[in-house]
Structure formats: C-alpha cells, structure tokens
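Peer 1: The sequence shown begins at 0 in numbering that gives the first Met the number 0 and counts up by one. Just so you know, even glycine gets a beta-carbon here, dropped at the ideal spot from N, CA and C. Sending over a structure as structure tokens; questions will come in a sec.
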Amino acid sequence: MANNVQRVELRSDWQFKQVRQGNWLPAIVPGTVHTDLMANGIIPDPFIGLNERGVQWIDKEDWIYRTAFGVDESIFSKHNVWIEFDGLDTYADVYLNDSLIIKADNMFRRWKADIRQLLKRSDNELKVYFHSPVKVDVPKWDALPYHYEAANDQSENGGLFDKKISIFARKAGYHYGWDWGPRLVTSGIWRKVSLVAWNDVRITDVYTEQPLVSKAKAKIRQTVEIFADADGMAMVQTTDHAGNNYADKKVKLEKGVNTVTLEFCINKPKLWWCNGLGKPNLYTFNVKVQKDDSSDTYTQRTGIRFIKLLTQKDEWGQEFCFELNGVRVFMKGADYIPCDNFLPRVTKSVYEKTIQDAVDVNMNMLRVWGGGIYEDDYFYELCDEKGILIWQDFMFACSLYPASGALLENIRQEAIDNVRRLRNHPCIALWCGNNECQDGWYNWGWKKRLEDQKPEYAEKVWKEYEDLFYHLLPEVVGKYHSAIAYWPSSPFGGYGHGSIETSGDYHYWAVWHAKKPISEYNNTRFRFCSEYGMQSFPEFESVKQFAPQPNDWDIYSDVMMSHQRGGMYANQLIESYLLSEYKRPKDFESLLYVGQLMQGDAMKTAIESHRREKGYCWGTLLWQINDCWPVASWATRDYYGRWKAAHYLMRNSYRDILVSPIEKDGNLQVYIVNDRLTSTSGQLSIKVLDMDGAVRNQLTKQVRVPANVSKNVFSVPVKQLLNHEQTDQVVILAEFTDREHYGNIYYLKPPKDVKFKKSAVVYQMIKVVDGYRLVISADKVARGVFLSLDGTDNFFSDNYFDLIPGAKKQVYVKTDLNEDDFRKKIKITILNNI
0 MANNVQRVEL
10 RSDWQFKQVR
20 QGNWLPAIVP
30 GTVHTDLMAN
40 GIIPDPFIGL
50 NERGVQWIDK
60 EDWIYRTAFG
70 VDESIFSKHN
80 VWIEFDGLDT
90 YADVYLNDSL
100 IIKADNMFRR
110 WKADIRQLLK
120 RSDNELKVYF
130 HSPVKVDVPK
140 WDALPYHYEA
150 ANDQSENGGL
160 FDKKISIFAR
170 KAGYHYGWDW
180 GPRLVTSGIW
190 RKVSLVAWND
200 VRITDVYTEQ
210 PLVSKAKAKI
220 RQTVEIFADA
230 DGMAMVQTTD
240 HAGNNYADKK
250 VKLEKGVNTV
260 TLEFCINKPK
270 LWWCNGLGKP
280 NLYTFNVKVQ
290 KDDSSDTYTQ
300 RTGIRFIKLL
310 TQKDEWGQEF
320 CFELNGVRVF
330 MKGADYIPCD
340 NFLPRVTKSV
350 YEKTIQDAVD
360 VNMNMLRVWG
370 GGIYEDDYFY
380 ELCDEKGILI
390 WQDFMFACSL
400 YPASGALLEN
410 IRQEAIDNVR
420 RLRNHPCIAL
430 WCGNNECQDG
440 WYNWGWKKRL
450 EDQKPEYAEK
460 VWKEYEDLFY
470 HLLPEVVGKY
480 HSAIAYWPSS
490 PFGGYGHGSI
500 ETSGDYHYWA
510 VWHAKKPISE
520 YNNTRFRFCS
530 EYGMQSFPEF
540 ESVKQFAPQP
550 NDWDIYSDVM
560 MSHQRGGMYA
570 NQLIESYLLS
580 EYKRPKDFES
590 LLYVGQLMQG
600 DAMKTAIESH
610 RREKGYCWGT
620 LLWQINDCWP
630 VASWATRDYY
640 GRWKAAHYLM
650 RNSYRDILVS
660 PIEKDGNLQV
670 YIVNDRLTST
680 SGQLSIKVLD
690 MDGAVRNQLT
700 KQVRVPANVS
710 KNVFSVPVKQ
720 LLNHEQTDQV
730 VILAEFTDRE
740 HYGNIYYLKP
750 PKDVKFKKSA
760 VVYQMIKVVD
770 GYRLVISADK
780 VARGVFLSLD
790 GTDNFFSDNY
800 FDLIPGAKKQ
810 VYVKTDLNED
820 DFRKKIKITI
830 LNNI
C-alpha cells in the first residue's frame, strides 16, 4: 500500500518587496532579504570591504514575500492539508488567500497551520509579511526603567546608539553583531516551507529511547505519535532497512493525537562510538502505521549508545567527564558558530566540509554555541555519521534575557520543538542552558550594576534567570530527553557564584584578554576547558578576497579594522603577542603568516597542557572552528574554509597518542597520552639536534602506557640532556613508536629567541590524479613551512610544519594547475627567512 502522506515544497515563483516602496522583485526561498537584495543588484556584498556599513537600513524596514501556487488533485482531495514553515525570521504574519493563518515571533520554532478550508485548486496566494525587528523591539527597550545586558550587541553600528535590543527577539544573537561577526539583522523565510497532505493517519513524531544498552543487548522503546482523523483500529510496526520485523502492535486510535509504544531488543548491538574510539554505527528504523487503506511511514537513523555526564564531587572540587558506553572519554574539539550570517547560504557541501574538517584533525566533539542557531538537521546527521559528539547550547549567550509571561512560554515552546527535533541523534551529548550568562552576572559586574540602580531590578532580572535556566529548560529536557544531562550554563562551577577552575567546565581567557603569555597555558589546570583561544588574521589569499585593494593591506586600514570586531584593541593585542613571541615581520603578508603561526603555537600549547592533565581534566574545546564571514578571529578555519596553522597543528595534538615534551623546573619531562582503550608499549626516543640537524645527544627508553591515561614516562635535567649545547641553538625531537609513529618537536625558547639559520627549502614534484605530490626537504631546521599558491584556491594536505634536515616530508596539493603554472605560483615561506 503506497504512503498516503504527500509533501510538496514551495520553492518557486517567489517575489519580495520593501513594504513602503518599490516593485516586486524575484526572490529565493529559503533565503533572506539581504541575499535577495544582493541577487537583484540593489546592495553590494556586505562581506566585501566596508559594504556592511551601507546596508544597516534594511533591518528598519518591513518586507513582504509572496507566491502563487496551485495543487493537483492528489493534494486537493486529501482530508488534511497543512502548511509548515521550518523557519521564519522572525516577526512574521502569514496570509493565505488574504486570511491570516500564522503570527510568528520566534526564529527557532517551526510554524504550521491547517489550510484545508482555505485552499483552492489554483491561484492560491501566499504572503508573508516581515515586521522590522528594530521597529518591533526598540519600544520594548524604551519602556524599561533598567536594561538587560547584551555585551556583544553592536547597536551603535546599526544607528541605534546604546539600544541593545537583541535580547527581546527570539532570533540568532550573532545577527546583531559579535566580537567576531558583523551586524546584519536579517529577515526572511530562512528554512523550507511545505504543504503536507494526508488522509486518516499521519506519524508526526517517533521518539526512540534506549533504556538499557550493553554489548550483549539493547532495549529499545519507541513512542510513536500518530494523528488520526477518526477512531479506528490500526497496525503500528517497526522494521529494519531490509524489512525484518522488530515490533508490531495492533492499536485502537482515537480522533486526534495518539501515542503508541513499541518495545523490542537488539542482541549484540553494534554500538555507536565517537571519532577515534570505534565506528559510529547507525541503525535504520522504519516505523509504519496502517489504518484501512491509509498508511504513513517514518524513517529514522539512529545509533545505539549510552552517554552520561559524570559530575561527582572529589578532593579537588567537581569533575566534568563524559562517559560513552561505559568508557570515560577525553573530549577533543572546538566551539562552533553558524557558518554564515546568511543562513540559507550554508549548503550541504559547506556542512560536509566543516564536519569532515573536524574529523580530519581527530576531533570528537563540537559545542554548538548559544548565540547562533539550533542547527539544520543535516548538520546533526553528519555528526551522527562521523562520530562527532555535540554539546548543544540553548540559544542564549553573553546576555541577560527578559523571561516572563508570554515570552517565557514562547521560549518553552522553542525548547520543546528543538529538543523533540534533535533527541534521536546519537551525537547529542549534553543540553546546556546558555553561554557565559552566569559568569556575566557574578564575574563581569552585571549584578552590581543593576543593584546600584535599584536592588529590586536585580532581584527581578535574577528571578527571570532562575526561572529560565534553573527551572524551565531542565524541566523540558527532563520531560522530552531525560537520557541526556542538562547543564545550566557554560562555564558553570556551581550555583550561587561564577565559574571556578576546580569544578565543572571553565572558559580560560587570561591568555588573550588578560594578556598573559602563551606559556601560561602550561601553568593552568581545569576539569574541562570549554573555551580558550588566540586570534589570527586569515591568510593573504583570503584577505585579498574581502580586501582586494593593496592600499587596504595594513592591519590598521579601515577595511581590516572593519573585519576585526574586537576593535583596535584586538589588532593591537595580536601585534603585541607577535612582538613578545616572534621577531617583527618584514611586511603585511609576513605579518599574516606569523600571526597564523602564533595562533597555531598557542593552541598546540594549550591542547597539550590539557591533555597532559588527563584524569583530572577530561576535555578541551578551543574557541572556535569556523567563521560566519571573512574576519580576524579565533577561528582555526577561515570563512572560505581555508585551514589556518592552528587547524593543521591540532591534527597532531589531537591524535590518539600524544607525545608531549615540556620543560618544568629545569627538567625536560615527556608525557605520553593514550586515548586508546588498550595499553600500548613501544620505544621512546629523545634527540637533541642543532640547527644543522646534527644529533648532539640521544636517549631511548622502552615504555608502556596503560589504556586511557596520561603518563609522565621520562624526565631528565635539561643541562644534562643538552650536554653543553645552548638552549637557543637546539631543537628537541621526541618520538614514540608502537604500531605507528608519533612525534613532536619542542623548543626550549620562544621563537624570537631561537637562533634559526637561513634555510633553503626545496621540493620534488610528482603529478597525481587531482594535483601534485611534493617531497619537501630543508638544509637547516626550518620553522613553520608554509606552502601557498598565489591567486588560486587549493588545499595542501599539511602545512605550517617544521622540517629537520635529512627528513623528507610528503605533502599532497589539490589543484588543476599545469606543471609550469604550478612552479610559477608556488611559494614557500618559513619563519627563518622573514
């Protein structure tokens, strides 16, 4: 029997216009007003040069979208026809044939309406009227005797002076600006709109719970939500992808919404594991309801796994550790923001590259940050397939929020909608209330500022905080996804105070904001570090895309400053770190290169510090993996998807075995961190090399490292190891070999104090299918070998690496250049020579 539920996406023949004036123009749905204005040549690309400044008028206007459509008999004859919007941004009135059917006020919710009685066979007119979020929310700001904190709202850039209104709208906070993003306050039909038609029965949701999971058996409980037109008997059944039966049940449906529970067991299940620990095995469940001649099928892919958050008190404070299938897992990853300010431009290929780039550097977790969006279904499907665990924030960040009355209920529905949508994904590891809001209250002065105005203001705002983050959100998670832990804020170290290093998760910004040296990472200890970072500029090829004019190639030019949302302070801070750690670069392009190397060195230092503390610390998530536009930021991949030095370097830092040398108290200590679930044994080699590559000392040792631990396996006084060599004239090569080879290069001085020699880096080139294989070597120790192709898009398999004389490095580059052009365009940059 064929499925009786039909779905038709309304994508074609859309038009839009500014309500106050103008003609109807063609529009793309899903889309935004900004992208439609660009497509029609009315505004320039806001990401280029200073163009962002000239488009701030858009969010002060109302906009209207319309389309006309007909339906064929197979739709029109159905008893039920609904229109469903997966995303409306944000204040929108929807009309069908001049009848108001939806009043939307939340970007994060899905909206639907029964349109059967309004529908015609042809010439149906659908209109969506978008109210200016500025005009809707400024009066709310004006009406208050006090104001909610919104630290990153760039109201002044939008011509609103100090009126930080972002907190009133249930809309992506970063649209209003952030310290890495522009102010581009969008409106539009940002996710798909569909007609859904059916007779008799429709499955509207399936919740697959796993009350018991072990290697021997998994107990599965499925709660099937069925909408029925009338009372009657039906058969509900779950099968696998091959049609084999898991469970079936004959049930009596009543008119309206019904829930049916199916239970079954899977013997010896193939468990879902995160990246690095095993395969992310997925099962396909086909759930079918059959009632008389009508049926519906709901297909779901999910993984069988058991994950919990361990937060026991201990002698130091409170641990914070994820346990997957009974195994404590050290989380290696990054924080994630939306990939674009104009969300419909984030295509499947963008998602695929982003997640694959995380997998390729050995990450196992991403934190979906609370100032963005609850991501597209495809994002989570990719994480399911690739074994990337997701720490999922609710959409609140770095602000205080009005949370009472109708708005609080709106947030409740938002939370229910998204928890229900995402709860079947095995990648979901944690629900977190917000990003940094509690630290803002206790540690950033927000509480005191309100108390200084009037104590009752502070009491009211804090009650709203507690109602939202201590009551409403954990209640929603407890009711709709109880198998996953809820965490009130990030960072969070307990109730009644701000975050602390010895308990829960922590955001560490003393390196960067507090101007501590990069070496300070080695003096810190955390239970789980969920934010830290170092800024860098994009590489020169990326800069030329948003700043194409040579007179803009200065970090203090208007264009470069516009693409630095931390302000003058941030560029000065990059320069300050550069000069304290490295010698002054000779020109703009060299500065970009050294800045990338600095960020890479900083992130390598931090990651290794956290991993050496494994057992006390159980996770490191750097800020951040991606950008939403071309900008100087903490991202390890720039907006165009190019890997920065930090992204290349973390691949080694996040491997399953890490060899980590560190000088402490006059001794060189070498740690081996083993993330495998089995012990390992092999040979450790420590070599002291001069800048010509000559071995000045070498020590070897057989070592054994138990499963899932960090172990200090070697210690020797530095003076003894160097054997009269100078610390600024040597490099230490630490290598461990078991079934694979693991290595790490360590310098005893910061780069500016190491006496590197001028070096010639040469390559041999071998043509391969989609590019070239390069065999690279150097006559001296070469620091930070950076390969680039002038004016072309490309990807090198490795970059920003150090070369030891006598060693040969193979690097693959993907490009369609012929050999002559390749030789003309390739550039090799090293720190020694700039």
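To the nearest angstrom, how far is it from the Cα of Leu323 to the Cα of Leu143?
Peer 2: The alpha-carbon atoms of Leu323 and Leu143 are separated by roughly 47 Å.
Peer 1: Helix, strand or coil: how does DSSP classify Asn798 here?
Peer 2: Asn798: coil per DSSP, three-state reduction.
Peer 1: For the alpha helix (DSSP H) that Pro454 lies in, which residues bound it at each end?
Peer 2: 454 to 464
Peer 1: I'd like to know if Val717 contacts chain C, where contact means its C-beta is closer than 8 Å to some C-beta of that chain.
Peer 2: Absent from the structure: chain C. Only one protein chain is present.
Peer 1: Considering only their Cβ atoms, is the gap separating Ser541 from Arg641 smaller than 8 Å?
Peer 2: yes
Peer 1: Is the CB-CB distance between Gly599 and Tyr647 below 8 Å?
Peer 2: yes
Peer 1: I'd like the span of the beta strand (DSSP E) that includes Asp113, first residue to last.
Peer 2: 110 to 113
Peer 1: So for Lys16, helix, strand or coil by DSSP?
Peer 2: Looking at Lys16 - three-state DSSP - the assignment turns out to be strand.
Peer 1: For Trp81, report the span of its beta strand (DSSP E) as first-last.
Peer 2: 79 to 84
Peer 1: Please list the terminal residues of the continuous beta strand (DSSP E) segment that includes Phe263.
Peer 2: 255 to 266
Peer 1: Rounded to a whole number of angstroms, what is the C-alpha to C-alpha distance between Val7 and Ile74?
Peer 2: 9 Å
Peer 1: Is the segment 611 to 619 touching the segment 702 to 709, taking contact as three or more C-beta pairs under 8 Å?
Peer 2: yes
Peer 1: Given that a residue counts as buried once 16 or more other Cβ atoms are within 10 Å of its Cβ, and exposed if not, what is His240?
Peer 2: Exposed is the call here.
Peer 1: By the DSSP assignment, the alpha helix (DSSP H) with Leu591 in it spans what residues?
Peer 2: 587 to 611
Peer 1: Which one or two residues does DSSP pair with Ala103 in a beta bridge?
Peer 2: Ala91
Peer 1: Grouping DSSP H, G and I as helix and E and B as strand, with all else coil, what is Ala142?
Peer 2: In the structure shown, Ala142 sits in a helix (DSSP, three-state: H, G or I).
Peer 1: Quick one: give me the first and last residue of the alpha helix (DSSP H) that His646 is part of.
Peer 2: 644 to 652
Peer 1: Do you know how far the Cα of Lys251 is from the Cα of Met37?
Peer 2: Met37 and Lys251 have their C-alpha atoms spaced approximately 54 Å apart.
Peer 1: Spatial neighbours of Lys352 within its chain, please: CB distance less than 6 Å, with the 5 preceding and 5 following residues excluded, ordered by chain position.
Peer 2: Within the same chain, Lys352 has close Cβ partners Gly640.
Peer 1: Should Lys751 be labelled buried (16 or more other beta-carbon atoms within 10 Å of its own) or exposed?
Peer 2: exposed
Peer 1: Grab the span of the beta strand (DSSP E) containing Thr828 for me, first residue to last.
Peer 2: 825 to 828
Peer 1: Would you decide whether Trp56 is buried or exposed? Buried here means 16 or more other CB atoms lie within 10 Å of its CB.
Peer 2: exposed
Peer 1: By Cβ distance below 6 Å, which residues in the same chain neighbour Met0 in space, the five residues on each side in sequence not counted?
Peer 2: Unreliable placement is indicated for Met0, whose pLDDT of 42 sits below 50; no coordinate value is reported for it.
Peer 1: Could you spell out the range, first to last residue, of the beta strand (DSSP E) harbouring Arg220?
Peer 2: 216 to 227
Peer 1: Can you name the start and end residues of the beta strand (DSSP E) that Glu734 belongs to?
Peer 2: 729 to 736
Peer 1: Along the chain, where does the beta strand (DSSP E) containing Arg695 start, and where does it finish?
Peer 2: 694 to 704 is the extent of the beta strand (DSSP E) around Arg695.
Peer 1: Go through its chain and collect everything with a Cβ distance to Leu698's Cβ below 6 Å, but skip five positions before and after it.
Peer 2: Ile685
Peer 1: Which of the three DSSP states is assigned to Gln544 in this structure?
Peer 2: Residue state, collapsed to three classes: helix.
Peer 1: Do Lys248 and Leu261 have their C-beta atoms closer together than 8 Å?
Peer 2: A distance below 8 Å separates the beta carbons of Lys248 and Leu261.
Peer 1: Less than 8 Å between the C-beta atoms of Val834 and Asp727, yes or no?
Peer 2: Because the chain in this structure spans residues 0 to 833, residue 834 falls outside the shown range and cannot be described.
Peer 1: Express the C-alpha separation of Tyr373 and Asn417 in angstroms, rounding to a whole number.
Peer 2: 7 Å
Peer 1: How about Asp356 and Arg636: do their beta carbons lie closer than 8 Å?
Peer 2: yes
Peer 1: Helix, strand or coil: how does DSSP classify Val345 here?
Peer 2: DSSP places Val345 in coil when its eight states are reduced to three.
Peer 1: Less than 8 Å between C-beta atoms, sequence neighbours within five positions excluded: which residues of the same chain meet that for Val712?
Peer 2: So the list reads Val669, Tyr670, Ile671, Leu683, Lys700, Val702, Val704, once near-sequence residues are dropped.
Peer 1: So, with DSSP's three-state summary, where would you put Leu281?
Peer 2: coil
Peer 1: To which residues does DSSP link Thr716 through a beta bridge?
Peer 2: A quick correction: the sequence has Pro, not Thr, at residue 716. Partner(s): Asn666.
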